[in-house]
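Colleague:
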Amino acid sequence: MADVLIVFASETGNTEEMAQKIAEGVKRAGVNPVVKDVLQLSVSEFDGYNGIMFGSFTDGMGDLPYSVEDFLDTLNDNDLQGKAAACFGSGDSSYGLFAAAVDTIQETLARCGAEIIEDNFKVELSMTKEECEQAIQLGESFAKKLLAKQEEKN
Numbered sequence: 001m002a003d004v005l006i007v008f009a010s011e012t013g014n015t016e017e018m019a020q021k022i023a024e025g026v027k028r029a030g031v032n033p034v035v036k037d038v039l040q041l042s043v044s045e046f047d048g049y050n051g052i053m054f055g056s057f058t059d060g061m062g063d064l065p066y067s068v069e070d071f072l073d074t075l076n077d078n079d080l081q082g083k084a085a086a087c088f089g090s091g092d093s094s095y096g097l098f099a100a101a102v103d104t105i106q107e108t109l110a111r112c113g114a115e116i117i118e119d120n121f122k123v124e125l126s127m128t129k130e131e132c133e134q135a136i137q138l139g140e141s142f143a144k145k146l147l148a149k150q151e152e153k154n
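Heads up: the sequence shown is residues 1 to 154, going by full-length UniProt numbering.
Dropping the structure here:
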């Protein structure tokens, strides 16, 4: 099982665009990306993936969007041991903590046992051309690390 689940919460489309660019990179590494809006996802679906990439915009003064907060509340009771994870998202530095939702998601995934294998990827509002390429590289790097971890187990 080498598919990577890429979950996103997006209000204006910026984080969804990040998810799509990351998916390009995952695919470039030879791994199948599955991209889903957090509103169309159940926690039980995490079971079918060894790799999870989770992205969100940050609301207000560093808050999680309600959809992500609700999802993470249900995730707290699950064991993510053996799953590789990475987080990404967009933010607006003129409000409170910059892209703080990304940090909160990462903390939750790690607390549930997931291994964070990439640094958080945060952008100001929408991606620049350079950040689009960084998002693709992030997806590719994540997928390659996931494949290497799977090879180690075999």
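Heads up, the beta-carbon is just placed ideally off N, CA and C, and yes, glycines get one too.
Can you name the residues that DSSP bridges to Arg127?
Modeller: Correcting the residue type first, residue 127 is Met in the shown sequence and not Arg. Answer by DSSP bridge pairing: none, since Met127 is not bridged.
Colleague: Using three-state DSSP, classify Leu64 as helix, strand or coil.
Modeller: coil
Colleague: If you compare alpha carbons, which of Gly60, Thr108, Thr12 is closest to Asp73?
Modeller: Thr108
Colleague: Find the nearest neighbour of Glu11 within the set Ser126, Ile117, Ala84, judged by alpha-carbon distance.
Modeller: Ser126
Colleague: According to DSSP, what are the bridge partners of Gly51?
Modeller: Val4, Ala84
Colleague: Between which two residues does the beta strand (DSSP E) containing Val43 stretch?
Modeller: Taken as a continuous stretch (DSSP letters only), Val43 belongs to no beta strand (DSSP E), as it is neither H nor E.
Colleague: Hey, Gly51 and Ala19: beta-carbon distance below 8 Å or not?
Modeller: Not closer than 8 Å, so no.
Colleague: Pull up the CB-CB distance for Ile105 and Ser56, whole angstroms please, since I reckon it's below 8 Å.
Modeller: 6 Å
Colleague: Is Asn14 buried or exposed, if buried means 16 or more other CB atoms sit within 10 Å of its CB?
Modeller: buried
Colleague: Is the distance from the Cβ of Asn76 to the Cβ of Phe46 below 8 Å?
Modeller: Result no, Cβ atoms of Asn76 and Phe46 do not sit closer than 8 Å.
Colleague: Using only the alpha-carbon positions, how far apart do Pro65 and Thr58 sit?
Modeller: CA-CA distance, Pro65 to Thr58, rounds to 7 Å.
Colleague: Are the beta-carbon atoms of Ala23 and Ile6 separated by less than 8 Å?
Modeller: yes
Colleague: In the DSSP assignment, what are the bridge partners of Val9?
Modeller: The amino acid at residue 9 is misidentified as Val; the sequence shows Ala. Paired residues: Ser56.
Colleague: Look up Phe142 in the DSSP assignment and say whether it is helix, strand or coil.
Modeller: helix
Colleague: So what's Asp79 in DSSP terms, helix, strand or just coil?
Modeller: The three-state secondary structure of Asp79, taken from DSSP, is coil.
Colleague: Rounded to a whole number of angstroms, what is the C-alpha to C-alpha distance between Leu80 and Gly113?
Modeller: 5 Å
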